[in-house]
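A.B. asks:
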Amino acid sequence: MRILSSDTSNYPGKTVQVVGWLHKKRLLGGLTFINIRDRKGLVQVVLHDKTEVEKLRGLQIGTVLSVNGKVVKEPRAPGGVELHDAKLKILVPVEVEPPIEIDKPLGHKPENLDTLFEYRPIGLRNIQESTIFKIQSVITKALRDYFAEQDFTEIHTPKLLAAATEGGAEVFKIDYFGKEATLAQSPQFYKQIMVGVFERVYEIAPVYRAEPSATTRHMTEYTSVDAEMAFIDISELQEFLSDLLNYVTDYLWKSNGADLKLIKATKPKITKKIPAITMAEIHERYSQATGENTIGERDLRPDEERWICDYTGQKLGSEAVFVTDWPAEDMKFYHKAQADHPKLADRIDLLFRGVEIVTGSMREHEYSLVLKQLKQKAGGDPEDPGFKPLLMAMQAGMPPHGGFGMGLERLTEKLLGLHNVKEATLFPRDINRLAP
RNA sequence: GGGCUCGUAGUGAAGAGGCCUAUCACGCCUCCCUGUCACGGAGGAGAUCGCCGGUUCAAAUCCGGUCGGGCCCGCCA
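Numbering (our numbering), first residue to last: 122 to 557.
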């Protein structure tokens with residue numbers, strides 16, 4: 122019966138079978154070490170028998186094999202345990218030399234990222250590389266746990282749409298049996314519709330953006346963590362996001378400390394209540410500190426986003442910060458303006474380690490106002506199949522509600538201290554990469 | 001879409017008019033090696049220097065074009 126690499130230490134003195142991939146061989150003459158990789162990690166096998174070593178001649182890293190050997194406690198072995206007197210059985214021989222080496226950390230220098238992605242199917246077998254995605258899986262688990270605790274219902278909305286929805290961002294158009302369809306750039310309207318059903322909903326799913334952006338934080342396809350909830354206000358939304366980021370971070374460092382250490386991730390400083398600063402104040406402080414004048418600008422420059430996170434990290438002990446008081450003139454039609462300051466939107470962005478990871482806002486829930494804003498801001502037609510379902514729900518009674526969208530890859534990237542979203546993406550898609 | 005940059009064995013790098021018949025490291029192949037864990041040692045194979053054209057007695061190196069990357073900005077998660 123097969124034993125997992127992580128389990129071998131539970132069978133001292135016993136002969137066990139381990140199956141997996143040949144990850145590394147070191148031939149020292151009369152003694153050969155090989156590492157076997159399975160889903161739990163690596164286990165070292167010591168070979169003395171020349172005929173066993175010969176079985177590996179000409180076989181490359183990646184060869185699939187089973188090993189029967191005696192478990193021996195050995196302080197010199199990585200993990201304190203190794204297999205002795207092993208008999209090898211080659212299950213799938215690999216004879217073609219792999220194009221990249223996976224037994225040591227892969228290069229993540231910007232200019233070499235292309236190679237990293239070109240050989241992803243193999244490179245992902247590297248332990249540091251797979252650890253990134255093992256952790257991403259834990260992040261989504263932590264998110265789901267948190268949403269479940271807060272009484273959210275997970276939903277799945279269509280990605281194939283009849284028409285563009287949000288407006289603004291470019292959408293992908295595709296041929297749909299001779300008609301034109303688009304790829305969802307956000308589940309925005311569907312999650313709002315579902316607020317009328319469940320009050321609290323979330324979705325973790327891909328979204329598509331046809332923006333020709335070529336930066337370290339953009340992709341044409343990414344995973345959006347979208348949530349929407351009824352009967353809240355903007356400060357409660359802020360509190361919710363504070364708790365969520367803290368929950369995920371604490372969960373991660375508690376459950377995967379060794380993995381995080383392996384990839385040299387340092388736990389971010391995040392205060393229980395994430396500080397909030399108005400955009401105007403950030404402009405002022407940034408302008409004062411750098412000599413650049415951004416006062417009056419309607420958005421934050423990327424450099425300001427980096428600067429303010431450094432600033433709050435040092436002065437306020439939080440590498441995450443909310444940006445509040447966005448100008449209402451740039452609102453989307455479904456957004457809500459602040460009740461006492463109609464020139465400002467009821468919107469918050471969450472910046473984390475220099476990058477915007479969340480945009481959240483209160484939505485306009487009064488049917489007549491949404492209708493008015495749709496015409497004014499988006500020049501939208503209420504009969505358009507892109508808008509009609511949302512309006513139908515609004516007319517049927519929608520409570521005050523708000524929500525947010527968070528980039529899963531950006532969150533992963535920043536939690537792990539990576540420098541490009543694509544490093545936190547299994548098979549990244551950008552303006553010039555559609556494969557692998 | 002705009003600006004700036006970079007393309008040299010499978011991978012990562014050095015070479016910046018003649019010293020290049022292109023150097024090094026890792027990987028690969030052969031041999032040696034009984035505690036490796038980026039094992040070590042000896043030897044070997046592997047590159048028409050992204051592509052096209054130009055300048056020059058001479059181009060990996062200079063110029064133009066082209067193709068492919070990267071970074072920044074705009075936009076956003």
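By construction, the Cβ of each residue, glycine as well, lies at the ideal position given by its N, Cα and C atoms.
1. Less than 8 Å between the beta carbons of K280 and A305, yes or no?
2. Can you tell me whether Y132 is buried or exposed, with buried defined as 16 or more other CB within 10 angstroms of its CB?
3. Does T136 come out as helix, strand or coil in the three-state DSSP assignment?
4. Go through its chain and collect everything with a Cβ distance to P448's Cβ below 6 Å, but skip five positions before and after it.
5. For G538, which residues of its own chain have a beta-carbon under 6 Å away from its beta-carbon, when the five flanking residues on both sides are left out?
6. Less than 8 Å between the beta carbons of S126 and K161, yes or no?
7. Do the CB positions of L143 and T172 come within less than 8 Å of each other?
8. Could you tell me the alpha carbon to alpha carbon distance between R550 and K194, rounded to whole angstroms?
9. Within the same chain, show all residues whose beta-carbon is closer than 6 Å to that of M452, passing over the 5 residues directly before and after it, in chain order.
10. What are the boundary residues of the alpha helix (DSSP H) that Y368 is part of?
11. Going by the beta-carbon positions, is the gap between K382 and D347 smaller than 8 Å?
12. Compute the distance between the beta-carbons of I223 and I182, then report whether it is under 8 Å.
13. Along the chain, where does the alpha helix (DSSP H) containing A269 start, and where does it finish?
14. Taking the CB atoms as reference points, tell me whether A441 and L472 lie closer together than 8 Å.
15. In the DSSP assignment, find the alpha helix (DSSP H) that holds I403 and state where it starts and stops.
16. Whole angstroms are fine: how far does the CA of I295 sit from the CA of R178?
17. On the criterion of 16 or more Cβ atoms from any shown chain inside 10 Å, does A379 qualify as buried, or is it exposed?
18. Just to check my reading of the structure: F508 and L490 have Cβ atoms closer than 8 Å, yes? What is that Cβ distance to the nearest angstrom?
19. Excluding sequence positions up to five away, which residues of its chain have a Cβ less than 6 Å from the Cβ of P226?
20. Give the secondary structure of P327 by DSSP, where H, G and I count as helix, E and B as strand, and everything else as coil.
21. Between I325 and S345, what straight-line distance do the alpha-carbon atoms span, to the nearest angstrom?
22. Under a three-way DSSP split, which group does Q165 fall into?
23. Report the option in T546, F454, M483 and V479 whose CA atom is closest to the CA atom of D559.
24. Could you please give the first and the last residue of the uninterrupted alpha helix (DSSP H) stretch that includes D170?
25. How big is the Cα-Cα spacing for L362 and V166?
26. Let me make sure I understand the geometry here. Which of V137, F548 and N553 has the alpha-carbon closest to that of Y343?
27. Do you know offhand how far K393's Cα is from E357's?
28. Name the two residues that bound the continuous beta strand (DSSP E) containing S482.
29. Per DSSP, what kind of secondary structure is E275 in: helix, strand or coil?
30. Can you give, in chain order, each stretch of the alpha helix (DSSP H) that sits fully within the segment 440–520 and has at least 4 residues?
31. Using DSSP with H/G/I as helix, E/B as strand and the rest coil, what is G200?
32. Specify whether the segment 519–538 and the segment 476–493 touch according to this definition: at least 3 beta carbon pairs, one from each stretch, less than 8 Å apart.
33. How about I124 and V137: are their beta carbons less than 8 Å apart?
34. What does the alpha-carbon distance come out to for the pair K145 and Y267?
35. Quick one: grab the DSSP three-state call for V318.
36. Could you name the residues that DSSP lists as bridge partners for D551?
C.D. replies: By the coordinates alone:
1. yes
2. exposed
3. strand
4. R419
5. A386
6. yes
7. no
8. Roughly 46 Å separates the two Cα atoms.
9. A466
10. I355 to S376
11. no
12. yes
13. I248 to E270
14. yes
15. M400 to T411
16. 51 Å
17. exposed
18. No, F508 and L490 are not in contact; Cβ-Cβ is about 14 Å, not under 8 Å.
19. Q249
20. strand
21. C-alpha of I325 to C-alpha of S345: approximately 6 Å in a straight line.
22. strand
23. Since the first and last residues shown for the chain are 122 and 557, residue 559 lies out of range.
24. Element bounds for D170: n/a, residue is neither H nor E.
25. Put simply, the backbone Cα of L362 is about 47 Å away from that of V166.
26. F548
27. 14 Å
28. V476 to R484
29. strand
30. 488–499 and 509–516
31. helix
32. Touching, yes, given that three or more Cβ pairs across the two stretches are closer than 8 Å.
33. In this structure, V137 lies closer than 8 Å to I124 by Cβ.
34. 39 Å
35. helix
36. For D551, which the question treats as bridged, DSSP gives the partners R554.
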